[in-house]
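Asker: Sequential numbering of the sequence shown, starting at 21, is according to my numbering.
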Amino acid sequence: KMFDESMVLKEKLFGARSREYAGGINNLGYLYMETGRLSLSEKFYLDALDIWKETVGTNHPDYGMTLMNLGVLYDNLGNSQIALEMFEKAKVITETRLGKDHPDYANLLNNMAKSQSELGMFKEAEVNYKAALQLLETTKGPNSPYYAIGLSNLAKVYRRTKRYVEATTVLEQSAKIFESTVGKDHP
21 KMFDESMVLK EKLFGARSRE YAGGINNLGY LYMETGRLSL SEKFYLDALD
71 IWKETVGTNH PDYGMTLMNL GVLYDNLGNS QIALEMFEKA KVITETRLGK
121 DHPDYANLLN NMAKSQSELG MFKEAEVNYK AALQLLETTK GPNSPYYAIG
171 LSNLAKVYRR TKRYVEATTV LEQSAKIFES TVGKDHP
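As structure tokens, this is what we get:
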């Protein structure tokens with residue numbers, strides 16, 4: 021309810037075709053995705069893309085962020101091929117506008133790798149997971165929960181390609197990081 025009130029206020033202050041409003045409906049799309057209201061999520065992401073296109077263009081980081089969010093939604097819906105297409109478009113924008121050393125780039129690489137893994141593109145997924153890990157190590161540190169999640173993601177590729185020793189090694193490393201950062205009893 022509070023978020024809805026915020027959106028009404030943004031619309032009054034800035035207009036329904038403004039950057040501020042697009043940012044709000046992008047966030048609303050994320051909220052709906054996280055709460056399982058996927059068709060509403062898609063609608064808000066597509067509306068945000070339309071507004072971004074008008075206000076900042078299709079090469080702006082905000083446009084790329086919404087493409088990435090839409091890709092995550094499509095991947096959650098089981099449409100990994102469409103998700104990968106969204107991620108590839110977002111990757112070009114992120115590389116050119118934010119750079120390959122930006123933390124958002126690591127998130128994008130992880131998302132791409134997940135879709136690639138779902139599509140059986142294990143070599144590509146491994147390359148992207150490793151690139152994301154390298155960036156996370158630099159930006160978040162080798163003992164951060166983000167790095168541990170990246171290791172767990174890489175282990176899934178190893179497991180799906182029957183590389184169990186490598187999977188076990190990175191999962192153990194991930195578990196040690198989680199234990200040291202959030203504790204043994206963390207859910």
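Each residue gets a CB set at the ideal place from its N, CA and C atoms; glycine is no exception. Since the model is a prediction, treat every value here as computed from it, not as a measurement.
Excluding the 5 residues preceding and the 5 following ASN46 in the sequence, name in chain order all residues of the same chain whose CB lies nearer than 6 angstroms to its CB.
Answerer: ALA68, THR86, listed in sequence order.
Asker: In this structure, how does DSSP classify THR158 when only helix, strand and coil are distinguished?
Answerer: It is helical.
Asker: Within 10 Å of its beta-carbon, does ASN89 have 16 or more other beta-carbons around it, so buried, or fewer, so exposed?
Answerer: Flag for ASN89 reads buried.
Asker: Please report the straight-line C-alpha distance between LYS109 and GLY84, rounded to a whole angstrom.
Answerer: Using only the alpha carbons, I get a separation of about 7 angstroms.
Asker: In angstroms, rounded to a whole number, what distance separates the CA positions of SER61 and LEU139?
Answerer: For SER61 and LEU139, the distance between alpha carbons rounds to 23 angstroms.
Asker: Indicate whether the contact test is met: 3 or more Cβ pairs, each with one atom in the region 145 to 161 and one in the region 111 to 119, closer than 8 angstroms.
Answerer: At 8 angstroms Cβ cutoff, the stretches do not touch.
Asker: Short check: CB of VAL177 to CB of SER137, under 7 angstroms?
Answerer: Against a cut-off of 7 angstroms, the Cβ pair of SER137 and VAL177 comes out as a contact.
Asker: Please check the pair LEU58 and LEU97, which I expect to be a contact at CB under 8 angstroms, by giving their CB distance rounded to whole angstroms.
Answerer: So it is a contact: roughly 6 angstroms between Cβ atoms.
Asker: Near GLU146, which residues of its chain fall below 6 angstroms by C-beta distance, leaving aside the five closest residues on each side in sequence?
Answerer: Counting only Cβ-Cβ distances below 6 angstroms, and skipping sequence neighbours, we find VAL177.
Asker: Looking at the unbroken alpha helix (DSSP H) that takes in LEU118, where does it start and where does it end?
Answerer: Counting along the chain, LEU118 falls outside any alpha helix (DSSP H), and DSSP gives it neither H nor E.
Asker: Sort VAL202, ASN163, TYR184, ASN173 by Cα distance to TYR149 and report the nearest one.
Answerer: Residue ASN173 is the option with its Cα nearest to TYR149.
Asker: Which residues bound the alpha helix (DSSP H) around GLY56?
Answerer: Element bounds for GLY56: n/a, residue is neither H nor E.
Asker: Which residue from THR181, MET141, PHE64 puts its Cα closest to that of GLN101?
Answerer: For GLN101, the nearest C-alpha among the options comes from MET141.
Asker: Can you name the start and end residues of the alpha helix (DSSP H) that ARG180 belongs to?
Answerer: Its alpha helix (DSSP H) spans residues 165 to 180.
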